[in-house]
Amino acid sequence: MKNQTRLFALATLFFFVPLLAQQKQKVNEADVFQDETSEYTKSLKKIIVGLEATINERLKDLERKHDILVVLMPKYEKRQTIVTEDIPFQVQDGYESNLFKYITFQFNSGKVADITLASESKRIYYEVMFENKKIVFKPTDLKSSEVTHEVFEKTEVTRLNEMSLENQIKALRLLEASLRSSIYRIDILLALYKDKKDRKNLYHIEF
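Throughout the sequence shown, residue numbering follows mature numbering (1 follows the signal peptide of the UniProt record, and there is no 0), covering -21 to -1, 1 to 186 in sequence.
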């Protein structure tokens, strides 16, 4: 009888241990350092909600500008890439390297389908030594946006909602600033196109 009781206890233990491990894993996947009831956490979440609202407004502005741009330059209908930084030569950690940063918009029926912020750095004489960082934002679900860090020996992929609230805020602020910059650059493209067209038309009517 005692042996049967002991076997039952062991079986129960082996049954519950995996469940406890799963529960622990779920806790680890969330941010265990966040106190959901604290005023600080609530204030961070409020900031995130505000940033998401601002980003949605920026997206509407960008889509309006894009609609105008596509009339003049149909090649940008589905995809537009804006180079934000291009440094062909710099010294980093004692090595000559280059740096290339850009933002790419994918459009579907005039709406932004996804946004890619990317940074690519590579050593000039050791091309296998590189570092690429990329964030792919999904406007319909910003928190599930994918963050990729790639170097020669490994690639790490993380989702935004797996990061701390502080880092989520930094990523969303980066996106908001990038959208503002992109809207400004599209305005410049439109102004340059108009200026070129006006000069051409003026030349045609000057006798």
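Beta carbons are placed, not taken as given, at the ideal position from N, Cα and C, and that holds for glycine. Predicted model only: the values in this text are computed from it and were never measured.
On the DSSP bridge assignment, give the partners of residue i in chain order.
i: Phe86; result: Val91
i: Arg138; result: Glu125
i: Asn77; result: Lys101
i: Leu144; result: The partner list for Leu144 (beta bridge, DSSP) is empty, contrary to what the question assumes.
i: residue 193; result: Only positions -21 to 186 of the chain appear in the structure, and residue 193 is not among them; the question remains open.
Could you spell out the range, first to last residue, of the alpha helix (DSSP H) harbouring residue i?
i: Asn111; result: Premise fails: Asn111 lies in the beta strand (DSSP E), Phe109 to Phe116, not in any alpha helix (DSSP H).
i: Thr33; result: Glu18 to Leu51
i: Glu185; result: Taken as a continuous stretch (DSSP letters only), Glu185 belongs to no alpha helix (DSSP H), as it is neither H nor E.
Can you tell me whether residue i is buried or exposed? The criterion is at least 16 other CB atoms within 10 Å of its CB, across all chains shown.
i: Leu51; result: exposed
i: Arg178; result: exposed
i: Ala170; result: exposed
i: Phe116; result: buried
i: Arg37; result: buried
i: Ile34; result: buried
i: Ile82; result: buried
i: Ala9; result: Unreliable positioning characterises Ala9 in this predicted model, as indicated by a pLDDT of 47, which lies under 50. The coordinate reading is nonetheless provided below. By the 10 Å Cβ count, Ala9 comes out exposed.
i: Ile167; result: exposed
i: Ile66; result: exposed
i: Ser17; result: exposed
i: His183; result: exposed
For the beta strand (DSSP E) containing residue i, name the first residue and the last one.
i: Thr127; result: Glu125 to Val130
i: Asp65; result: Arg58 to Gln71
Quick one, which of the options has its alpha-carbon nearest residue i's?
i: Ser143; options: Ile114, Lys122, Val107 and Gln71; result: Lys122
i: Glu135; options: Glu110, Glu145, Leu153 and Ile148; result: Glu110
i: Arg102; options: Leu158, Leu168, Arg138 and Phe131; result: Phe131
i: Ser157; options: Thr95, Ser100 and Tyr105; result: Thr95
i: Arg164; options: Thr63, Lys25, Ser22 and Val28; result: Thr63
i: Lys113; options: Thr119, Glu99, Asp120 and Tyr104; result: Glu99
i: Ile27; options: Thr127, Tyr182 and Leu153; result: Leu153
i: Pro118; options: Lys133, Asp174, Leu139 and Asn77; result: Leu139
i: Asp40; options: Ile184, Glu185, Ser161 and Thr137; result: Ser161
i: Gly29; options: Lys173, Leu181, Leu151 and Asp72; result: Leu151
i: Ala92; options: Glu106, Asp120, Gln71 and Tyr74; result: Asp120
Confirm the yes/no value for this check: CB of residue i, any heavy atom of the ligand HEM, distance under 7 Å.
i: Phe79; result: The ligand HEM is not part of this structure, which contains no ligands at all.
**Q.** Complete alpha helix (DSSP H) runs within the segment 148 to 181 (minimum length 4 residues, chain order)
**A.** Secondary structure remark: continuous alpha helix (DSSP H) runs of at least 4 residues inside the segment 148 to 181: none found.
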